[in-house]
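A.B. asks: Below is a structure I'd like to ask you about.
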Amino acid sequence: MEMPVITVEKVNKSFGSNHVLKNFSMQVMQGENLVVLGKSGSGKSVLIKCIIKLIEADSGKIILLDEPIMEREEEELDQLRSKVGFLFQSNALYDSMTVRENLEFPLRRHWSKQEREAGSEQAVMEALEDVGLAHTVDLMPSELSGGMRKRVALARSLILKPKVILYDEPTTGLDPATSREISNLMVEVQEKYHSTSVIISHDMNCIRITSNRVIMLIDGTCYAEDLYENLIKSKDPKIREFFE
Amino acid sequence: MKIGFLNIKDNTFLTEIGEIWRFTMRFFREINKPKQEYEEFVHQCFWIGYKTLTLVGITAFIMGLVLTIQSRPTLVEFGAESLLPAMVSVSLIREIAPVITALICAGKIGSGIGAELGSMRVTEQIDAMEVSGTNPFKYLVVTRVMAATLMVPVLSSMANAIALYGGYLGVNIRGQVSWHLYWFQVFDALSFGDIIPAIIKTFFFGFAIGIIGCFKGYYSKKGTEGVGRSATTAVIVASLLVFIIDLIAVQITDLLGLT
Ligand SMILES: Nc1ncnc2c1ncn2[C@@H]1O[C@H](COP(=O)(O)OP(=O)(O)OP(=O)(O)O)[C@@H](O)[C@H]1O
Ligand SMILES: [Mg+2]
Chain A
1 MEMPVITVEK VNKSFGSNHV LKNFSMQVMQ GENLVVLGKS GSGKSVLIKC IIKLIEADSG
61 KIILLDEPIM EREEEELDQL RSKVGFLFQS NALYDSMTVR ENLEFPLRRH WSKQEREAGS
121 EQAVMEALED VGLAHTVDLM PSELSGGMRK RVALARSLIL KPKVILYDEP TTGLDPATSR
181 EISNLMVEVQ EKYHSTSVII SHDMNCIRIT SNRVIMLIDG TCYAEDLYEN LIKSKDPKIR
241 EFFE
Chain B
1 MKIGFLNIKD NTFLTEIGEI WRFTMRFFRE INKPKQEYEE FVHQCFWIGY KTLTLVGITA
61 FIMGLVLTIQ SRPTLVEFGA ESLLPAMVSV SLIREIAPVI TALICAGKIG SGIGAELGSM
121 RVTEQIDAME VSGTNPFKYL VVTRVMAATL MVPVLSSMAN AIALYGGYLG VNIRGQVSWH
181 LYWFQVFDAL SFGDIIPAII KTFFFGFAIG IIGCFKGYYS KKGTEGVGRS ATTAVIVASL
241 LVFIIDLIAV QITDLLGLT
């Protein structure tokens with residue numbers, strides 16, 4: 001049996017009186033693409049930010065790549081974070097830097113100077129070609145369209161060839177064709193590097209193509225957990241809402 | 001906690017002072033950690049200088065000129081017109097040039113840093129840095145605070161020179177003082193006790209401007225409104241701090257007998 005790469009156990013998180021995650025538990029296995037589905041504001045973004053400790057959970061246990069991250073200090077997380085890619089819902093491109101500098105940014109910390117001089121140009125171009133945007137390398141993020149920014153952000157999160165990738169709505173704002181391309185790319189990445197992903201998405205095409213398993217986050221807990229094929233056949237009205 | 005009519009816990013003013021203090025302490029902790037961001041530091045120094053150079057230059061020139069023109073009648077009344085260069089240079093170097101420079105920097109640099117870091121916070125760019133293994137505090141805050149601490153004294157020294165030149169022109173509008181005589185009188189009037197404390201306090205001005213700008217931006221509230229508010233409050237608090245530091249500095253120089 002495969003090992004779990006991410007274990008989330010009885011995690012609680014609230015903002016003031018707003019209890020976002022209530023005793024939430026889940027496991028993601030090595031090489032798996034797990035989709036998290038839930039209404040807007042249900043706490044999906046909060047969940048994946050807790051996994052990488054951008055937001056600190058109030059209680060519970062989170063283990064990422066065998067590290068209990070809630071007990072780790074900021075500095076100790078750096079090494080771990082180099083193995084994790086994170087695609088922000090808002091893209092979070094550095095708007096004072098060109099596309100090239102945006103992609104080089106993760107390398108500056110994790111590659112030595114020699115490595116960067118030898119390989120960063122190639123790594124950047126490769127990552128951009130993967131998302132079909134090699135021609136934008138010298139543009140500023142403000143000169144790109146919304147969908148192009150999403151793809152550049154995706155390229156940036158993949159550039160270190162991470163073992164774990166957390167995608168926050170990777171295909172929102174893309175046309176169906178590009179969306180399908182991106183979904184296929186995500187599957188390719190998974191097969192090529194045997195990476196593990198958590199994908200937050202509302203896009204049924206993306207979910208159908210990428211998911212190995214789907215978790216439904218409702219009212220702060222894991223409401224249902226099954227294969228996509230089984231969930232679309234479900235009679236439960238709360239689940240049906242999402243697939244109609 | 002309640003002391004008299006003061007409710008300490010809900011007092012946003014005191015809470016804020018506490019938070020700024022914590023932020024400053026964090027700055028001193030992080031500055032010693034490995035992996036210094038030299039490149040970004042140089043970049044920030046360049047930007048701070050570049051953005052304020054003209055403004056500081058023009059203002060300093062006008063201040064020197066105007067101060068001289070306005071001081072003349074009073075001195076003439078006492079028959080002390082020849083003291084004009086000496087008087088003008090002391091007030092410019094000790095007080096006017098450093099404080100005006102600092103205020104301009106508070107407006108320009110403080111708001112610039114506040115807005116920049118604020119929008120980076122709001123659009124999750126700071127989070128993205130953290131995820132990519134770069135310590136955003138070190139990369140963004142430490143470099144900017146250091147750059148401001150270094151550049152405000154540089155700009156202020158430049159302002160001193162330009163203001164004194166403005167004073168020279170001001171003296172010569174009505175009177176006749178040669179270039180050599182003017183500078184001789186200026187340096188005769190100035191002692192190290194005037195110059196050194198004035199330069200030292202500009203380092204503190206720069207530090208305060210950098211810290212406040214970064215603090216306001218780094219903890220910006222979500223939304224565009226939050227960014228705007230970060231920028232404005234950064235200017236207000238930084239300007240206020242400039243005056244407070246100035247007040248403290250004058251007390252210290254006074255105590256040390258340097259006045
Ligand atoms: N930094 C924060 N401070 C206070 N409340 C927050 C913060 N971040 C998120 N929340 C709250 O947590 C809840 C969940 O937010 P989250 O961003 O995780 O939603 P989501 O499931 O990702 O929704 P969407 O699909 O719209 O992105 C919301 O009610 C939000 O108000
Ligand atoms: Mg979200």
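First to last, the sequence lines map onto chains A and B.
Going by this note's numbering, the final residue of the first sequence carries number 244, and the count climbs one at a time with no gaps.
Going by this note's numbering, the final residue of the second sequence carries number 259, and the count climbs one at a time with no gaps.
Using N, Cα and C, we set each Cβ at its ideal position, and we do this for glycine too.
Note that this is a predicted model, so its numbers are computed, not measured.
Any residue with its C-beta under 6 Å from a non-hydrogen atom of ligand 3 counts. Can you list them all in chain order?
C.D. replies: Absence of ligand 3 from the depicted structure is noted, with ligand 1 and ligand 2 being the only ligands included.
A.B. asks: Give the single residue among B:Lys222, B:Ile212, B:Val142 whose Cα lies nearest to the Cα of valine 237 of chain B.
C.D. replies: B:Ile212
A.B. asks: Kindly list, in the order they appear in chain B, the residues whose Cβ is closer than 8 Å to that of alanine 92 of chain A.
C.D. replies: Thr123, Glu124, Gln125, Asp127, Ala128
A.B. asks: Using 8 Å as the limit for Cβ to Cβ distance, is serine 132 of chain B near chain A?
C.D. replies: Closer than 8 Å to some Cβ of chain A, the Cβ of serine 132 of chain B qualifies, so yes.
A.B. asks: Verify the CB distance criterion: does arginine 72 of chain A have a CB-CB separation below 8 Å to chain B?
C.D. replies: no
A.B. asks: Excluding sequence positions up to five away, which residues of its chain have a Cβ less than 7 Å from the Cβ of glycine 107 of chain B?
C.D. replies: Closer than 7 Å at the Cβ level, and outside the excluded window around glycine 107 of chain B, lie Val235.
A.B. asks: Looking only at DSSP bridge pairs, what is alanine 224 of chain A linked to?
C.D. replies: A:Met216
A.B. asks: So, at 7 Å on beta carbons, what are the nonlocal neighbours of valine 242 of chain B in its own chain, with the 5 sequence-adjacent residues on each side left out?
C.D. replies: Val99, Ala102, Leu103, Ala106, Phe205, Ala208
A.B. asks: Is glycine 119 of chain A near ligand 1 - that is, is its Cβ less than 7 Å away from at least one heavy atom of it?
C.D. replies: no
A.B. asks: Cβ closer than 7 Å: which chain B residues qualify as neighbours of arginine 109 of chain A?
C.D. replies: Neighbours of arginine 109 of chain A on chain B, chain order: Ser132, Gly133, Thr134.
A.B. asks: Mind listing the chain B neighbours of isoleucine 52 of chain A? Cutoff is C-beta to C-beta under 8 Å, in chain order.
C.D. replies: Residues of chain B with a Cβ closer than 8 Å to the Cβ of isoleucine 52 of chain A are, in chain order, Val131.
A.B. asks: Just checking: is the beta-carbon of valine 82 of chain A within a distance shorter than 8 Å of some beta-carbon in chain B?
C.D. replies: This sequence places serine at residue 82 of chain A; valine is not what is there. Chain B, which has a Cβ nearer than 8 Å to the Cβ of serine 82 of chain A, makes this yes.
A.B. asks: Less than 8 Å between the C-beta atoms of cysteine 206 of chain A and serine 234 of chain A, yes or no?
C.D. replies: Cβ distance not < 8 Å, so cysteine 206 of chain A and serine 234 of chain A don't count as in contact.
A.B. asks: Are the CB atoms of phenylalanine 88 of chain A and aspartate 203 of chain A nearer to each other than 8 Å?
C.D. replies: Not a contact, by the Cβ cut-off of 8 Å.
A.B. asks: Between the beta-carbon of alanine 86 of chain B and the beta-carbon of alanine 231 of chain B, is there less than 8 Å?
C.D. replies: Not closer than 8 Å, so no.
A.B. asks: Going by the C-beta, is phenylalanine 61 of chain B closer than 7 Å to any heavy atom of ligand 1?
C.D. replies: no
A.B. asks: Taking Cβ positions only, does phenylalanine 105 of chain A come closer than 8 Å to chain B?
C.D. replies: yes
A.B. asks: Nearer than 7 Å: is that true of the beta carbon of valine 18 of chain A relative to any heavy atom of ligand 1?
C.D. replies: Correcting the residue identity first, residue 18 of chain A is asparagine in this sequence and not valine. Under cutoff, so the answer is yes.
A.B. asks: Since proline 170 of chain A and methionine 186 of chain A should fall inside the 8 Å C-beta cutoff, what is the C-beta to C-beta distance between them, to a whole number of angstroms?
C.D. replies: 7 Å
A.B. asks: Between the C-alpha atoms of leucine 247 of chain B and isoleucine 200 of chain B, what's the straight-line distance to the nearest angstrom?
C.D. replies: 14 Å
A.B. asks: Who are the neighbours of phenylalanine 242 of chain A on chain B, taking C-beta pairs under 8 Å?
C.D. replies: Residues of chain B passing the Cβ test: none, with the nearest at roughly 26 Å.
A.B. asks: Under 7 Å Cβ-Cβ, which residues of chain B neighbour phenylalanine 24 of chain A?
C.D. replies: Ordered by position in chain B, no residue passes the 7 Å Cβ test against phenylalanine 24 of chain A, which lies about 21 Å from the chain.
A.B. asks: Just tell me which of A:Asn102, A:Asp226, A:Ala224, A:Ile63 has its CA closest to the CA of leucine 158 of chain A.
C.D. replies: It is A:Asn102.
A.B. asks: Does any C-beta atom of chain B lie closer than 8 Å to the C-beta of aspartate 78 of chain A?
C.D. replies: yes
A.B. asks: Is leucine 64 of chain A closer than 8 Å to glycine 43 of chain A when the C-beta atoms are compared?
C.D. replies: no
A.B. asks: In chain B, which residues lie with their C-beta within 8 Å of the C-beta of phenylalanine 15 of chain A?
C.D. replies: Within chain B, no residue comes near phenylalanine 15 of chain A; the closest Cβ sits about 12 Å away, beyond 8 Å.
A.B. asks: Quick check: what's the CA-CA separation for aspartate 66 of chain A versus threonine 202 of chain B?
C.D. replies: If you take the alpha carbons of aspartate 66 of chain A and threonine 202 of chain B, they lie about 50 Å apart.
A.B. asks: Since threonine 196 of chain A and phenylalanine 24 of chain A are thought to touch, with beta carbons under 8 Å apart, how far apart are those beta carbons, to the nearest angstrom?
C.D. replies: About 18 Å separates the two Cβ atoms, so there is no contact after all.
A.B. asks: Could you compute how far the alpha carbon of valine 90 of chain B sits from the alpha carbon of isoleucine 245 of chain B?
C.D. replies: About 19 Å.
A.B. asks: Under 8 Å: do the segment 34 to 49 of chain B and the segment 137 to 151 of chain B share three or more Cβ pairs, one atom per stretch?
C.D. replies: yes
A.B. asks: Please report how far the alpha carbon of glutamine 125 of chain B lies from the alpha carbon of tyrosine 168 of chain B, in whole angstroms.
C.D. replies: Going by C-alpha positions, glutamine 125 of chain B is about 49 Å away from tyrosine 168 of chain B.
A.B. asks: In chain order, which alpha helix (DSSP H) runs of at least 4 residues are fully inside the segment 165 to 210 of chain A?
C.D. replies: With a minimum length of 4 residues, the continuous alpha helix (DSSP H) runs that stay inside the segment 165 to 210 of chain A are 176 to 193, 204 to 210.
A.B. asks: Leucine 256 of chain B to isoleucine 62 of chain A, Cα distance in whole Å?
C.D. replies: 58 Å
A.B. asks: DSSP on tyrosine 98 of chain A, reduced to helix/strand/coil?
C.D. replies: Before going further, note that residue 98 of chain A is threonine rather than tyrosine in the sequence given. Here threonine 98 of chain A sits in coil by DSSP.
A.B. asks: Measuring CB to CB, does proline 106 of chain A end up less than 8 Å from serine 132 of chain B?
C.D. replies: yes
A.B. asks: With DSSP run on the structure shown, which of helix, strand or coil describes glutamine 185 of chain B?
C.D. replies: helix
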